[in-house]
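Engineer: Residue numbers (the numbering used here): 39 to 409.
Built from N, CA and C at the ideal position, the CB exists for glycine as well.
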Amino acid sequence: MKLFKINDMCYCVAIDESLSCAFGSPPEWIKSAKGFPFPSYIFLGDTILSQGTNFCEVEFPVYRNFFFNRQRKTHIVAPAHVIEVLKPILDEAIFGPSEYESNFNSQKAEYYADYLALREGFSFSGRKLLLPDFLSFENYDNNTYQLGLVTVKKIDCNSFLITKGREEIAIELKEQTNTPKPTSTVQKRTNKRQGTVTLYCFDSGDGFSPAKECSSFMLGIGESYLLFDPNYSSFDSYHALNLNINELKGIFISHIHADHEEGLYRFLHAYPHIPVYAAGEVAKSLEKKIRFFLKNSSHSFIINKLPMCEPSPLGELNAEVFCEYGFHSIPSAMMKFRFFDIDPVCYLFGYSGDTLYDPVRFREERFPPLY
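1) Take Pro206 and list the residues in its own chain whose beta-carbon comes closer than 8 Å to its own, dropping the five residues that flank it on each side.
2) Kindly provide the ranges of any alpha helix (DSSP H) runs that are 4 or more residues long and lie completely inside the segment 95-160, ordered along the chain.
3) Give the straight-line distance between the Cα atoms of Leu211 and Leu352, rounded to the nearest whole angstrom.
4) Taking the alpha carbon of Tyr315 as the reference point, which residue from Ala308, Asn141, Ala249 and Met346 has its own alpha carbon closest?
5) Please go through the same chain and pick out, in chain order, the residues whose beta-carbon is closer than 6 Å to the beta-carbon of Lys40, but skip the five residues on each side of it.
6) According to DSSP, which residues form a beta bridge with Phe175?
7) Suppose contacts are defined by Cβ-Cβ distances below 8 Å. Is Pro65 in contact with Tyr270 by that definition?
8) Given that a residue counts as buried once 16 or more other Cβ atoms are within 10 Å of its Cβ, and exposed if not, what is Leu386?
9) Rounded to whole angstroms, what's the CA-CA distance from Ile114 to Ile380? Just pull it up for me.
10) Using a 10 Å radius around the Cβ and a threshold of 16 neighbouring Cβ atoms, would you call Ser338 buried or exposed?
11) For a test of the three-state rule: what should DSSP assign to Ser88, helix, strand or coil?
12) Compute the Euclidean distance between the alpha carbons of Ala278 and Ile259, then round it to the nearest angstrom.
13) Quick one: what's got a C-beta closer than 7 Å to Arg399's C-beta in the same chain, skipping five residues either side?
14) By Cβ distance, which residues of its chain are closer than 7 Å to Phe255, with the 5 residues on each side in sequence left out?
15) Alpha carbon to alpha carbon, how far is Glu55 from Ser275? Give it in angstroms, no decimals.
16) Can you round the beta-carbon distance between Glu325 and Asn92 to whole angstroms, since I take them to be within the 8 Å contact cut?
17) Mind checking Ser262: buried by the 16 CB within 10 Å criterion, or exposed?
18) For a quick check, are the C-beta atoms of Arg376 and Glu362 less than 8 Å apart?
19) For Phe142, count neighbouring Cβ atoms within 10 angstroms of its own Cβ and tell me buried if that reaches 16, exposed if not.
20) By Cβ distance below 7 Å, which residues in the same chain neighbour Ser350 in space, the five residues on each side in sequence not counted?
21) Can you tell me the Cα-Cα spacing of Pro220 and Gly243, whole angstroms?
22) Quick one: what does DSSP say Asn284 is sitting in, helix, strand or coil?
23) What does the Cβ neighbour count give for Asp392, buried or exposed, with the cut at 16 atoms within 10 Å?
24) Taking Phe81 as part of the alpha helix (DSSP H), name the residues at either end of that continuous run.
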């Protein structure tokens, strides 16, 4: 067996030339998983969310196994209370809500989710895939899991002992001791004046980009700031700009895929009353996910639910936002902002997170022209 340290929150053990296991699953770890077979087994401890960091971010490892490794199933071994949290979160992240509101816009989002759902054989006529097609959740048996000739014993909250014959490897997962260095290349702010807009790009990758963090950016409007789909290091990047947290007027989340909100929980941990904005079904899913994560926490939070297809004022900024569902496999909000204090009359800004542009599909007879 061979041990590979990804970071303090994640280690991988290569059992042999064809099998490896991951211990702990923080954001972004799969981008550093090199030199060994990609793990099909993920072992988790008792900690789910700590200091705003997700110890159990399994969404993208599951995607990587399914899409990059010939639809290989991921085995997630975890305590029962962790599975109880992860199962509904993953189900909603992959397939969207189980129930939608009975209005035109929500029904459109539901149609998109069904239309773009993964099906057996990647065929439109195939059976719609369900969570067990992607992964299995498995419990420890008296804190022990037997994997062939390998025994994995959870010896403490986040500590493991892996044995294979006479070989032993001990692993202890810890909170990140060193603050991650921000990947952002943006310059520290200069003096700003009212009537100006600045775009800060924190990074522009996706959940699989090995050399980049996930896409995340921020708008500066005079001395006020709006953050969009925070990546994990956006918390560090924000503070590296020497900005006061009171200048951050809101965090906007387009949808609940992990690469679009993995940094949100660090902000909420440090500043639980920071305004968080999401629209329609996205707001419902996000609130549900946060409540699962913070189940036993004293932290309070508020999701500002924006309506769909009507302007909503952002009074403190003298601005308004208009949201509409994009074409995506789960509800995802496109946003259009008008800032009225920007010279000469107003400034228009649009953002769309993961909206598929597919004119061929749009022309198909079964696609409703109204949508």
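Structural biologist: Let's see:
1) Translated into positions along the sequence shown, residue 206 becomes position 168. Contrary to the premise, residue 206 reads as Glu rather than Pro in this sequence. So the list reads Leu199 and Ile200, once near-sequence residues are dropped.
2) 97-101, 118-133 and 142-153
3) As a working mapping, residue 211 is identified with position 173 in the sequence shown. As a working mapping, residue 352 is identified with position 314 in the sequence shown. One C-alpha to the other measures close to 42 Å.
4) Looking up residue 315 in the sequence shown gives position 277. Measuring from the Cα of Tyr315, the nearest candidate turns out to be Met346.
5) Here residue 40 refers to the residue found at position 2 of the sequence shown. Only Ala52 meet the Cβ criterion.
6) The residue labelled residue 175 in the question sits at position 137 within the sequence shown. Paired residue(s): Ile114.
7) The residue given as residue 65 occupies position 27 in the sequence shown. The residue given as residue 270 occupies position 232 in the sequence shown. Against a cut-off of 8 Å, the Cβ pair of Tyr270 and Pro65 comes out as a contact.
8) Within the sequence shown, residue 386 is the residue found at index 348, counting from 1. Answer is exposed; the Cβ neighbour count stays below 16.
9) For the purposes of this step, residue 114 is taken as residue 76 along the sequence shown, with counting starting at 1. For the purposes of this step, residue 380 is taken as residue 342 along the sequence shown, with counting starting at 1. Their backbone Cα atoms lie some 50 Å apart in a straight line.
10) One-based indexing of the sequence shown puts residue 338 at position 300. Ser338 is exposed by the Cβ-count criterion.
11) Here residue 88 corresponds to residue number 50 of the sequence shown, with the count starting at 1. Here Ser88 sits in strand by DSSP.
12) For the purposes of this step, residue 278 is taken as residue 240 along the sequence shown, with counting starting at 1. For the purposes of this step, residue 259 is taken as residue 221 along the sequence shown, with counting starting at 1. Going by the C-alpha atoms only, they are around 18 Å apart.
13) The residue you call residue 399 lines up with position 361 of the sequence shown. Taken in chain order, the residues that qualify are Phe405.
14) Counted from its first residue, the sequence shown places residue 255 at position 217. These residues qualify, in order along the chain: Leu237, Tyr238, Cys239, Phe240 and Phe266.
15) Start at 1 with the first residue of the sequence shown, and residue 275 comes out as number 237. Start at 1 with the first residue of the sequence shown, and residue 55 comes out as number 17. Spanning the two alpha carbons is a distance of roughly 39 Å.
16) If you number the sequence shown from 1, residue 325 lands on position 287. If you number the sequence shown from 1, residue 92 lands on position 54. Between Asn92 and Glu325 the Cβ distance is about 17 Å, and since that is not below 8 Å, they are no contact.
17) Along the sequence shown, one-based indexing puts residue 262 at 224. When all chains shown are included, Ser262 counts as buried.
18) Locating residue 376 in the sequence shown gives position 338, where the first residue counts as 1. Locating residue 362 in the sequence shown gives position 324, where the first residue counts as 1. No. Outside cutoff.
19) Position 104 of the sequence shown, counted from the start, is the residue given in the question as residue 142. Phe142 should be labelled exposed.
20) In the sequence shown, the residue the question calls residue 350 occupies position 312. Correct list, in chain order: Leu344, Glu358 and Val359.
21) The count along the sequence shown starts at 1 and reaches residue 220 at position 182. The count along the sequence shown starts at 1 and reaches residue 243 at position 205. Since pLDDT at Pro220 reaches only 48, below the 50 mark, its modelled position is unreliable, and no value is offered.
22) The count along the sequence shown starts at 1 and reaches residue 284 at position 246. Reduced to three states, the DSSP call for Asn284 is helix.
23) Looking up residue 392 in the sequence shown gives position 354. Answer is buried; the Cβ neighbour count reaches 16.
24) The residue given as residue 81 occupies position 43 in the sequence shown. From DSSP, Phe81 is part of no alpha helix (DSSP H) but of the beta strand (DSSP E) over Tyr79 to Phe81.
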